[in-house]
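Colleague: Quick one: the structure is below, and I'll ask about it shortly.
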Amino acid sequence: GVIVLLVGLCCSVEVDGQALRALYNRGNATFNMGTTAAQRSFTDSLLANPANDADERALGRVFIARAARAKGQARRALEMLDSVRTDPDKSHSLVRYAIPNERARGLKSLKMFAEAMQEAERSHRFAVAFNLREDVLSHWRVNSRPTIIRITWFVPSSIWWTRRSRKNRSIG
């Protein structure tokens, strides 16, 4: 009887992590590709049926804050995220990533760029520390910036054309 109990506890931890990942994926799919009605339905279900697990409740609050930010209520979203209490030693890495990531997005929409960068770096550190793949987590696309810079570097500017035409006129 004791062995079965231990096995059940061992498996429940893994199932909770999978359930948390499923909630995160479902929420991201709803907000990235869903309609406003689907987003409202998703957040209403989170409010009506609060989870028993502290990590699932915290992740649910992240999506509720995301809905508030999408409505233009970034300050309210940040207040919601500030009210979420998680134990840094016990909470799941996905929750420790999602909260600062959403805070960064809220701060960015309030034009508080310095604070937003600090939160984005904090969420990035959690993603790296726990080997969370950023393409799966839908993190801000930082890797595309060097490509854009390389592409725009070779676009001729008006300064180049002016210099070239003056050089041609002085020769001729």
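Using my numbering, read the sequence shown as starting at 11 and increasing by one per residue. For glycine and all other residues, C-beta sits at the position ideal for the given N, C-alpha and C. Predicted model only: the values in this text are computed from it and were never measured.
Measuring straight from C-alpha to C-alpha, what distance separates Arg79 and Tyr34?
Modeller: Straight-line spacing of the CA atoms in Arg79 and Tyr34 works out to 17 angstroms.
Colleague: Less than 8 angstroms separating the beta-carbons of Val94 and Ile74?
Modeller: No, Cβ-Cβ distance for Val94 and Ile74 is not below 8 angstroms.
Colleague: Whose C-alpha, out of Ala68, Pro98, His102 and Ala61, is nearest the C-alpha of Glu112?
Modeller: Ala68
Colleague: Per DSSP, what kind of secondary structure is Met127 in: helix, strand or coil?
Modeller: helix
Colleague: I'd like to know if the stretch 50-63 and the stretch 82-92 are in contact, where contact means that at least 3 CB-CB pairs between them fall below 8 angstroms.
Modeller: Flag = no, the stretch 50-63 and the stretch 82-92 do not touch.
Colleague: Considering only their Cβ atoms, is the gap separating Ala84 from Gly116 smaller than 8 angstroms?
Modeller: yes
Colleague: Taking the alpha helix (DSSP H) that Ala61 falls in, what are its first and last residues?
Modeller: It is not in any alpha helix (DSSP H) - Ala61 carries neither H nor E in the DSSP assignment.
Colleague: According to the neighbour-count rule (16 or more other Cβ atoms, all chains shown, within 10 Å of its Cβ), is Arg135 buried or exposed?
Modeller: exposed
Colleague: Do Glu66 and Ala29 come within 8 angstroms of each other at the CB atom, strictly closer than that value?
Modeller: yes
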